[in-house]
Amino acid sequence: MIKAFLLLTMLILSGCCFSQVSDMISVQKKNGQIIKNFMVGQPIELITTYNNTVEGYIDIIRDDSIFITTYDIGYIPTTYNVPMLDTLGAYGSVIAFSEISKIRIHKRQGFSRGLLPKLLMLGGAGYLVLNLINANKTNEGLSDPSTINTLLISAGVFATGLILDKTLADGRYSLKKHQIKYIRIR
Numbered sequence: 001m002i003k004a005f006l007l008l009t010m011l012i013l014s015g016c017c018f019s020q021v022s023d024m025i026s027v028q029k030k031n032g033q034i035i036k037n038f039m040v041g042q043p044i045e046l047i048t049t050y051n052n053t054v055e056g057y058i059d060i061i062r063d064d065s066i067f068i069t070t071y072d073i074g075y076i077p078t079t080y081n082v083p084m085l086d087t088l089g090a091y092g093s094v095i096a097f098s099e100i101s102k103i104r105i106h107k108r109q110g111f112s113r114g115l116l117p118k119l120l121m122l123g124g125a126g127y128l129v130l131n132l133i134n135a136n137k138t139n140e141g142l143s144d145p146s147t148i149n150t151l152l153i154s155a156g157v158f159a160t161g162l163i164l165d166k167t168l169a170d171g172r173y174s175l176k177k178h179q180i181k182y183i184r185i186r
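Per the working numbering, the very first residue in the sequence shown carries number 1; after that it's consecutive.
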């Protein structure tokens, strides 16, 4: 009797399980090395060819389209006037595979890509303003060689930060050298 019950339980449980996943989206290098795969149920953030950012969870990947559900989460006041985090709404969107321009593949940015250029620009601009105020206050003027030297150094630090900010690629999203492929499983 126990064997029959176990067999029946296993048959019912195996009927609920799926052996084959749906289609998936893959971000690969040019040589075919996989960077990241996106399947049903995973969070995704992408930029379309129209520069729209879509972020949410993948519901279905089928027929060269991705069905994404975006949850609007925010604070609502309670009866005791204490804010509570709650889901305000859920929105579905359908994006054709051909409309995907970039997919976010990394959550974090490194120090050299994210914070360093901004710190260099902030430090250079702050040092420039501080030297201008000091030169005005001490009546040295801008023609003093030491003042010109410090102004050039601070302008160089600001320019270095600006150049780094403009030239370093955003490493969070897929680049032009990456291929976004639709992989049909069926």
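Just so you know, even glycine gets a beta-carbon here, dropped at the ideal spot from N, CA and C.
Whole-number beta carbon distance between residue 181 and residue 28, since they are thought to touch under 8 Å: 6 Å
Per-residue DSSP class, three states only, for residue 127: helix
Alpha helix (DSSP H) segments (min. 4 residues) lying fully within the segment 115-186: 115-137, 145-167
Cα-Cα separation between residue 129 and residue 102, rounded to whole angstroms: 39 Å
Whole-angstrom distance between residue 23 and residue 105, CA atom to CA atom: 18 Å
Within 9 Å, strictly: CB atoms of residue 54 and residue 79: no
Within 9 Å, strictly: CB atoms of residue 123 and residue 94: no
Short Cβ contact (9 Å threshold) for residue 164 with residue 120: yes
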